[in-house]
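Each remark here refers to the structure printed beneath this line.
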Amino acid sequence: QVQLVESGGGLVQAGGSLRLSCAASGSTFSINAMGWYRQAPGKQRELVAIKNSGGSTNYADSVKGRFTISRDYAKNTVDLQMNRLKPEDTAVYYCDAVSWSRNVYWGQGTQVTVSS
């Protein structure tokens, strides 16, 4: 089992920045990819960014050029630096980890609210 604990998030004005952090514990040796998803009210959860153990990164088109994902493989953490935030970025952001055996683990979620 893998446990994920997120920190960061909050309220920011449009154009501002926030940084989310997520720390994994437990069977961290089993983790391949770590990343972030988000879910806005009334919408499905969607991928924001994800980075696997080989360093390959995937971003949602809507955040390319504004958000940057980074991983510290030794500390088993993943961060999401969010710049030039827009009101449409408002959502609950979830950290996720995917094991080599394709088990998916989720954090508890952290609210990000961008005011216009």
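Just remember that the working numbering sits 11 ahead of the position in the sequence shown, which is counted from 1.
In this text, a Cβ means the ideal position worked out from N, Cα and C, and glycines have one as well.
Backbone CA spacing between residue 125 and residue 28 [nearest angstrom]: Translated into positions along the sequence shown, residue 125 becomes position 114. Translated into positions along the sequence shown, residue 28 becomes position 17. Their backbone Cα atoms lie some 10 Å apart in a straight line.
Compute the Euclidean distance between the alpha carbons of residue 18 and residue 54, then round it to the nearest angstrom. Residue numbering aside, residue 18 sits at position 7 when the sequence shown is read from its first letter. Residue numbering aside, residue 54 sits at position 43 when the sequence shown is read from its first letter. Spanning the two alpha carbons is a distance of roughly 23 Å.
Range covered by the beta strand (DSSP E) that runs through residue 46: Within the sequence shown, numbered from 1, the residue matching residue 46 stands at position 35. Element bounds for residue 46: 42-50.
Is the region 32-50 close to the region 61-78, with three or more CB pairs under 8 Å? yes
Kindly indicate which three-state DSSP category residue 39 falls into: helix, strand or coil? Position 28 of the sequence shown holds residue 39. DSSP places residue 39 in helix when its eight states are reduced to three.
Could you tell me which whole beta strand (DSSP E) segments of length 3 or greater appear in the region 43-119? 57-62, 68-70, 78-83, 88-93, 102-110 and 115-117
Kindly list the residues whose CB is nearer than 8 Å to the CB of residue 118, restricted to its own chain and excluding five residues on each side of it in sequence; keep chain order. For the purposes of this step, residue 118 is identified with residue 107 of the sequence shown, where counting begins at 1. Hits under 8 Å: 15, 16, 17, 33, 105, 106 and 107.
List the residues that DSSP assigns as beta-bridge partners of residue 12. As a first step, residue 12 is located in the sequence shown; it is residue number 1 there, counting from the start. Answer by DSSP bridge pairing: none, since residue 12 is not bridged.
Could you name the residues of the same chain whose beta carbon sits closer than 7 Å to that of residue 95, not counting the 5 residues immediately before and after it, in chain order? Indexing the sequence shown from 1 puts residue 95 at position 84. Hits under 7 Å: 26 and 77.
Among 35, 22 and 21, which residue has its Cα nearest to the Cα of residue 109? Numbered from its first residue, the sequence shown carries residue 109 at position 98. Residue 109 has its Cα closest to that of 35, out of 35, 22 and 21.
Take the Cβ of residue 90 as the centre, count every other Cβ of all protein chains shown within 10 Å, and call the residue buried at 16 or more, exposed below. Mapped onto the sequence shown, residue 90 falls at position 79. Result: buried.
If we call anything under 8 Å between Cβ atoms a contact, is residue 114 one with residue 39? Sequence index remark: in the sequence shown, residue 114 carries index 103 (1-based). Sequence index remark: in the sequence shown, residue 39 carries index 28 (1-based). Not a contact, by the Cβ cut-off of 8 Å.
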